[in-house]
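J.: Structure in structure tokens, see below.
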């Protein structure tokens, strides 16, 4: 649980640092942050939380699959040979950026489905 | 898969939290099973059956389709 908290602190630090240094962020600096961010998000996703039962495992696996599919399709859009490609951005995305996007989406999906699990059925008394 | 977990729990006057504690899972998991969003694993289904002293097939029923 302590490690998971540390992972979230790391993620928050990366977002804060990126937001504060936005104008002056160079490719090299961002790569460093991106690497740390991807590590933090991956740790936040995979480390055991306060609750770690079979439903949590099931939802995490489902969230990971959905997130991978979504970011894979997004990555295809950035392929240089894609027929209707827009011009490449000033700072092209790296593998760490896609890991970060995947893990962030997976976390969002996981917590959303977990919230839905806690809701009573629509026809509940 | 349909189940009568909610009714069995009500008979014992247990909250979802009480049942979750007895089964060593989270309250959200119990709610997910009761609202038929999630089918429990075999070990959990057997644990539920043992707790309520009923056979698994009396608690969980496959959908007609």
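Protein chains in written order, with our numbering: chain A, 3 to 127; chain B, 2 to 66.
By construction, the Cβ of each residue, glycine as well, lies at the ideal position given by its N, Cα and C atoms.
Taking beta-carbon pairs under 8 Å, can you tell me which members of the stretch 9-28 of chain B lie near chain A?
T.: Listed by position along the chain: 25, 26, 27, 28.
J.: Would a check of beta-carbon distances place residue 33/B closer than 7 Å to chain A?
T.: At least one chain A Cβ lies under 7 Å of residue 33/B.
J.: Determine the contact status of residue 60/B and residue 4/B, defining contact as a CB-CB distance below 7 Å.
T.: Yes; because the gap between Cβ atoms is below 7 Å, this pair is in contact.
J.: Residue 193/A and residue 101/A: beta carbons closer than 7 Å?
T.: Since the first residue shown for chain A is 3 and the last is 127, residue 193/A is missing from the structure and cannot be characterised.
J.: Taking 7 Å as the limit between beta carbons, can you name the residues of its chain near residue 70/A, skipping five residues before and five after?
T.: Excluding sequence neighbours, residue 70/A sits near 104.
J.: Taking C-beta pairs closer than 8 Å, name the residues in chain A that residue 45/B reaches, listed in chain order.
T.: Under the 8 Å cutoff, chain A gives 56.
J.: Please state whether DSSP places residue 7/B in a helix, a strand or coil.
T.: Helix.
J.: Just the chain A side, please: which residues come within less than 9 Å of residue 48/B by C-beta, in chain order?
T.: None at all; the shortest Cβ gap to chain A is about 11 Å.
J.: Taking 7 Å as the cut-off, decide whether the C-beta atoms of residue 79/A and residue 112/A are in contact.
T.: Cβ atoms of residue 79/A and residue 112/A: not closer than 7 Å.
J.: For residue 23/B, I'd like the list of residues in its chain whose CB is within less than 8 Å of its CB, leaving aside the five on either flank, ordered along the chain.
T.: Result list for residue 23/B: 15, 52, in chain order.
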